[in-house]
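K.L.:
I have a structure here, written as structure tokens, and I will follow up with some questions on it.
There are 2 protein chains.
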Amino acid sequence: MDIAAVVDGVRKRQPRALARAISAVEDGTDAVRDLMQAVAPHAGHAHVIGLTGSPGVGKSTTTSALISHYRGLDLNVAVLACDPTSPFSGGAILGDRVRMQDHFLDPGVYIRSMASRGHLGGLSATTPQAARLLDAAGFDIILIETVGVGQSEVEVAAAADTTVVLLAPGMGDGIQATKAGILEVGDVFVVNKADRDGAHETVRELRHALSLAADVRTRPADPDEWTQPILLTVASTGQGIAELADALATHRQWLTTTEPGRARASLRAAAELEAVVLATLRARARALRADPRFAGLAAEVAGGSRDAYSAAEVLLSERD
Amino acid sequence: MDIAAVVDGVRKRQPRALARAISAVEDGTDAVRDLMQAVAPHAGHAHVIGLTGSPGVGKSTTTSALISHYRGLDLNVAVLACDPTSPFSGGAILGDRVRMQDHFLDPGVYIRSMASRGHLGGLSATTPQAARLLDAAGFDIILIETVGVGQSEVEVAAAADTTVVLLAPGMGDGIQATKAGILEVGDVFVVNKADRDGAHETVRELRHALSLAADVRTRPADPDEWTQPILLTVASTGQGIAELADALATHRQWLTTTEPGRARASLRAAAELEAVVLATLRARARALRADPRFAGLAAEVAGGSRDAYSAAEVLLSERD
């Protein structure tokens with residue numbers, strides 16, 4: 001890979017160069033270090049926004065509405081689709097595809113599906129680096145769309161400046177989801193499909209859950225602390241999208257102008273670094289698969305003559 | 321931890337000893353190695369069955385129906401609930417809880433919720449080891465329930481002898497999910513809620529998707545190769561559960577009596593070992609967080625004066 005040429009193409013937002021660079025990040029090739037080193041000084045301008053929520057809450061429609069909003073302000077927008085069921089990832093039903101068409105043809109919009117599947121923990125290391133590439137490329141807004149089940153919402157929070165958690169009325173799992181850790185990662189909450197029955201009930205339940213979580217905090221209330229807003233949207237008609245964009249901008253300002261905001265930004269940077277450390281170690285773990293003793297040790301574990309921990313120790317001891 | 325006492329309690333299936341042992345696995349304490357070493361020779365008898373599928377397909381109801389079935393045959397059953405929204409994990413709505421009550425009070429059933437959340441990739445290392453503990457404890461059947469979105473279905477396949485993928489009619493995401501990698505991990509497919517409209521259409525779509533996937537395989541068809549069955553169940557009434565149990569038993573037999581089956585079992589053992597190798601490395605990554613240079617390097621990455629890969633290298637270079 002001709003790093004200088006790729007970096008030049010990335011800086012010019014050429015789709016082919018962006019695709020090559022992000023693929024290099026995904027594949028974890030050796031060139032990645034040089035590439036990231038070359039683009040690092042150009043990054044730091046974009047607002048990276050994560051959108052997460054269960055399937056069916058309208059993440060893609062909201063993403064699409066936000067794209068339209070930001071394009072109306074003449075901002076460049078990139079989308080990293082980490083949800084394999086998203087229309088942005090090619091997992092669309094026909095109607096969605098047609099709706100997305102406009103954005104795919106707009107040169108001010110770059111859409112990329114992230115192949116995180118199958119690589120254990122892949123999302124956590126590659127997505128922040130892909131976002132950094134797009135940041136260096138000069139995109140003003142980077143939207144990261146992930147499915148909000150399992151670990152991905154924690155990972156998106158590590159990749160994004162601002163994390164939006166989407167819910168929809170009558171999904172049943174609304175409050176289930178909030179129980180399961182989503183309360184902590186959301187900077188902004190959106191109850192989408194607000195024209196449906198039960199929207200205000202969902203808001204009420206969510207507000208209650210958030211207030212309970214706030215009560216648990218032991219530190220005294222800091223007036224500069226971020227208060228998570230709950231917004232109502234109908235993304236399919238664009239209703240509430242401008243207000244959502246306002247809330248996102250307010251959160252971004254908070255990150256840089258307040259003490260708790262800067263602390264949050266530092267935590268995110270630490271999570272990003274830790275993810276790359278982990279990815280580096282993971283590559284070493286994969287390399288151990290090629291160790292000639294690996295298959296024999298695995299068979300011993302399966303047969304019960306050895307436990308997995310001592311087998312792991314045997315493999316790791318001679319590599320270090 | 322008094323390893324001998326805990327192992328003795330585990331072998332007697334004492335709930336308190338089982339809980340302590342599994343917590344030790346989850347926490348990754350130093351005692352785990354000795355513990356797993358002590359129980360390893362006793363494991364290898366249980367049938368470990370993974371159940372995965374999107375929220376709402378009826379995983380918990382199916383798990384519950386399988387428990388009843390196996391208890392009717394006087395087999396001991398353990399459940400590892402890795403889905404945080406599952407009633408088995410305490411994320412139940414009231415109705416579910418009441419239905420589960422029977423099992424919670426049955427001494428031949430052990431139910432344990434796995435705290436995988438928040439620990440990146442935690443499921444992959446701890447669940448197979450917890451299953452191995454329960455195996456050594458003499459449970460005949462171990463059911464692992466995971467939410468089938470994201471990486472967890474790959475992880476459950478590494479933990480289980482037999483992986484059941486559940487779908488339900490009219491979920492919309494049925495075929496979306498199959499696209500996203502679930503086809504590869506399923507040994508047995510179940511279309512639950514088969515009394516609903518669209519069940520046969522879901523079966524048809526799934527069969528089509530499976531036949532496409534089979535066509536892609538380059539190797540010539542092996543008559544011993546496993547053919548993934550598609551079963552129809554109504555778990556809430558028990559309909560189809562006996563047939564599901566039959567299919568599970570047939571798959572288990574295939575694993576031990578055929579060449580491709582043994583190859584599959586070896587792959588699983590390799591995945592188990594790799595997960596523990598990775599968990600060991602992950603613990604090292606976490607330890608790096610305490611490195612005095614960590615915060616400074618993270619700030620350099622955030623500020624753009626350094627890329628995350630070279631920062632990771634600095635942290636890792638002096639530890640090895």
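Protein sequences, first through last, are from chains A and B. Those letters in the first sequence? Residues 1 to 320, per the working numbering, in order. Those letters in the second sequence? Residues 321 to 640, per the working numbering, in order. Backbone N, C-alpha and C define an ideal beta-carbon position, used for all residues, glycine too. Quantities reported herein were computed from a predicted structural model and do not represent experimental measurements.
Whole-angstrom Cβ separation of residue 191 of chain A and residue 49 of chain A, contact assumed at under 8 Å?
P.N.:
Indexing the first sequence from 1 puts residue 191 of chain A at position 191. Indexing the first sequence from 1 puts residue 49 of chain A at position 49. With 8 Å as the limit, residue 191 of chain A and residue 49 of chain A do not qualify as a contact, their Cβ atoms being about 18 Å apart.
K.L.:
Per DSSP, residue 367 of chain B forms a beta bridge with which residues?
P.N.:
Here residue 367 of chain B refers to the residue found at position 47 of the second sequence. Answer is B/461, bridged to residue 367 of chain B.
K.L.:
Should residue 382 of chain B go down as buried or exposed, given a rule of 16 or more other Cβ atoms within 10 Å for buried?
P.N.:
Taking the first residue of the second sequence as position 1, residue 382 of chain B is located at position 62. Residue 382 of chain B should be labelled buried.
K.L.:
Could you tell me which of B/457, B/517, B/520 and B/366 sits nearest to residue 336 of chain B, measuring between CA atoms?
P.N.:
As a first step, residue 336 of chain B is located in the second sequence; it is residue number 16 there, counting from the start. The shortest C-alpha separation from residue 336 of chain B is found at B/457.
K.L.:
If we define contact as Cβ-Cβ less than 8 Å, is residue 629 of chain B a contact residue for chain A?
P.N.:
Stepping through the second sequence from its first residue, residue 629 of chain B is reached at position 309. Yes, residue 629 of chain B counts as interfacial toward chain A.
K.L.:
Report the option in B/433, B/570 and B/543 whose CA atom is closest to the CA atom of residue 579 of chain B.
P.N.:
Taking the first residue of the second sequence as position 1, residue 579 of chain B is located at position 259. Answer by Cα proximity: B/543.
K.L.:
Out of curiosity, what's the CA-to-CA distance linking residue 357 of chain B and residue 67 of chain A?
P.N.:
Translated into positions along the second sequence, residue 357 of chain B becomes position 37. Translated into positions along the first sequence, residue 67 of chain A becomes position 67. Taking the straight line joining both Cα atoms gives about 55 Å.
K.L.:
Decide yes or no for the touch test of the segment 42-61 of chain A against the segment 622-636 of chain B: beta carbon pairs closer than 8 Å, at least 3 of them.
P.N.:
Yes: at least three Cβ pairs fall under 8 Å.
K.L.:
Looking at the C-beta of residue 624 of chain B, does it have a partner C-beta in chain A at a distance below 8 Å?
P.N.:
By 1-based counting over the second sequence, the position of residue 624 of chain B is 304. Closer than 8 Å: yes.
K.L.:
Please classify residue 200 of chain A as buried or exposed, where buried requires at least 16 neighbouring CB atoms within 10 angstroms.
P.N.:
Taking the first residue of the first sequence as 1, we reach residue 200 of chain A at position 200. So residue 200 of chain A counts as exposed.
K.L.:
Return the first residue and the last residue of the alpha helix (DSSP H) that residue 256 of chain A is part of.
P.N.:
In the first sequence, residue 256 of chain A corresponds to position 256, counting from 1. 241-257 is the extent of the alpha helix (DSSP H) around residue 256 of chain A.
K.L.:
Does any residue of chain B have a CB that is nearer than 8 Å to the CB of residue 41 of chain A?
P.N.:
One-based indexing of the first sequence puts residue 41 of chain A at position 41. Judged by the 8 Å Cβ criterion, residue 41 of chain A is in contact with chain B.
K.L.:
Starting from residue 64 of chain A, trace the alpha helix (DSSP H) both ways and give me its first and last residue.
P.N.:
Residue numbering aside, residue 64 of chain A sits at position 64 when the first sequence is read from its first letter. That run of the alpha helix (DSSP H) goes 59-72.
K.L.:
Between the alpha carbons of residue 558 of chain B and residue 397 of chain B, how many angstroms are there, rounded?
P.N.:
In the second sequence, the residue the question calls residue 558 of chain B occupies position 238. In the second sequence, the residue the question calls residue 397 of chain B occupies position 77. The straight-line gap from Cα to Cα measures roughly 17 Å.
K.L.:
Output the distance between the C-alpha atoms of residue 315 of chain A and residue 285 of chain A, rounded to the nearest integer angstrom.
P.N.:
Residue mapping note: residue 315 of chain A aligns to position 315 of the first sequence, counting from 1. Residue mapping note: residue 285 of chain A aligns to position 285 of the first sequence, counting from 1. Approximately 9 Å between the Cα atoms of the pair.
K.L.:
Against chain A, which members of the segment 517-530 of chain B pass a CB distance test of less than 7 Å?
P.N.:
Within the segment 517-530 of chain B, no residue qualifies.
K.L.:
Would residue 454 of chain B pass as an interface residue toward chain A - the criterion being a Cβ-Cβ separation below 8 Å?
P.N.:
Here residue 454 of chain B corresponds to residue number 134 of the second sequence, with the count starting at 1. No, residue 454 of chain B lies away from the interface with chain A (no Cβ there is under 8 Å from its Cβ).
K.L.:
Checking contacts by CB at 8 Å: is residue 364 of chain B closer than that to chain A?
P.N.:
Residue numbering aside, residue 364 of chain B sits at position 44 when the second sequence is read from its first letter. Chain A contact via Cβ: present.
K.L.:
Can you give the beta carbon distance from residue 513 of chain B to residue 554 of chain B, rounded, assuming they're within the 8 Å contact cut?
P.N.:
Along the second sequence, read from residue 1 onward, the residue named residue 513 of chain B stands at position 193. Along the second sequence, read from residue 1 onward, the residue named residue 554 of chain B stands at position 234. Yes, residue 513 of chain B and residue 554 of chain B are in contact; Cβ-Cβ is about 7 Å, under 8 Å.
K.L.:
Does the Cβ of residue 455 of chain B have 16 or more other Cβ atoms within 10 Å, making it buried, or fewer, making it exposed?
P.N.:
Indexing the second sequence from 1 puts residue 455 of chain B at position 135. By the 10 Å Cβ count, residue 455 of chain B comes out buried.
K.L.:
Evaluate residue 442 of chain B with the Cβ neighbour count: other Cβ atoms within 10 Å of its Cβ, from every protein chain shown; 16 or more gives buried, anything less gives exposed.
P.N.:
On the second sequence, residue 442 of chain B is found 122 positions in, with the first residue counted as 1. Note that residue 442 of chain B has pLDDT 47, beneath the 50 cutoff, so the model's placement of it is unreliable and no number is given.
K.L.:
Is the shortest distance between the beta-carbon of residue 266 of chain A and the beta-carbons of chain B less than 8 Å?
P.N.:
Counting from 1 along the first sequence, the entry for residue 266 of chain A is found at position 266. Closer than 8 Å to some Cβ of chain B, the Cβ of residue 266 of chain A qualifies, so yes.
K.L.:
With distance defined between alpha-carbon atoms, name the residue in B/325, B/347 and B/450 nearest to residue 602 of chain B.
P.N.:
The residue given as residue 602 of chain B occupies position 282 in the second sequence. The option with the nearest alpha carbon to residue 602 of chain B is B/347.
K.L.:
With DSSP as the reference, label residue 113 of chain A as helix, strand or coil.
P.N.:
In the first sequence, counting from the first residue as 1, residue 113 of chain A sits at position 113. Residue 113 of chain A: strand per DSSP, three-state reduction.
K.L.:
Going along the chain, which residues of its own chain have a beta-carbon closer than 7 Å to the beta-carbon of residue 125 of chain A, five neighbours each way excluded?
P.N.:
The residue labelled residue 125 of chain A in the question sits at position 125 within the first sequence. Contacts found: 275, 276, 278 and 279.
K.L.:
Taking 8 Å as the limit between beta carbons, can you name the residues of its chain near residue 527 of chain B, skipping five residues before and five after?
P.N.:
Walking along the second sequence from the start, residue 527 of chain B turns up at place 207. For residue 527 of chain B, where only same-chain residues beyond five positions count, the Cβ hits under 8 Å are 550.
K.L.:
Quick one: Cα of residue 330 of chain B to Cα of residue 525 of chain B, how far?
P.N.:
Translated into the one-based positions of the second sequence, residue 330 of chain B becomes position 10. Translated into the one-based positions of the second sequence, residue 525 of chain B becomes position 205. C-alpha separation (whole angstroms): 44 Å.
K.L.:
Let me see if you follow: with CB-CB separation under 8 Å, is residue 253 of chain A close to chain B or not?
P.N.:
Locating residue 253 of chain A in the first sequence gives position 253, counting from the first residue. Not an interface residue.
K.L.:
If you draw a straight line from the alpha carbon of residue 296 of chain A to that of residue 591 of chain B, how long is it in whole angstroms?
P.N.:
On the first sequence, residue 296 of chain A is found 296 positions in, with the first residue counted as 1. On the second sequence, residue 591 of chain B is found 271 positions in, with the first residue counted as 1. Spanning the two alpha carbons is a distance of roughly 13 Å.
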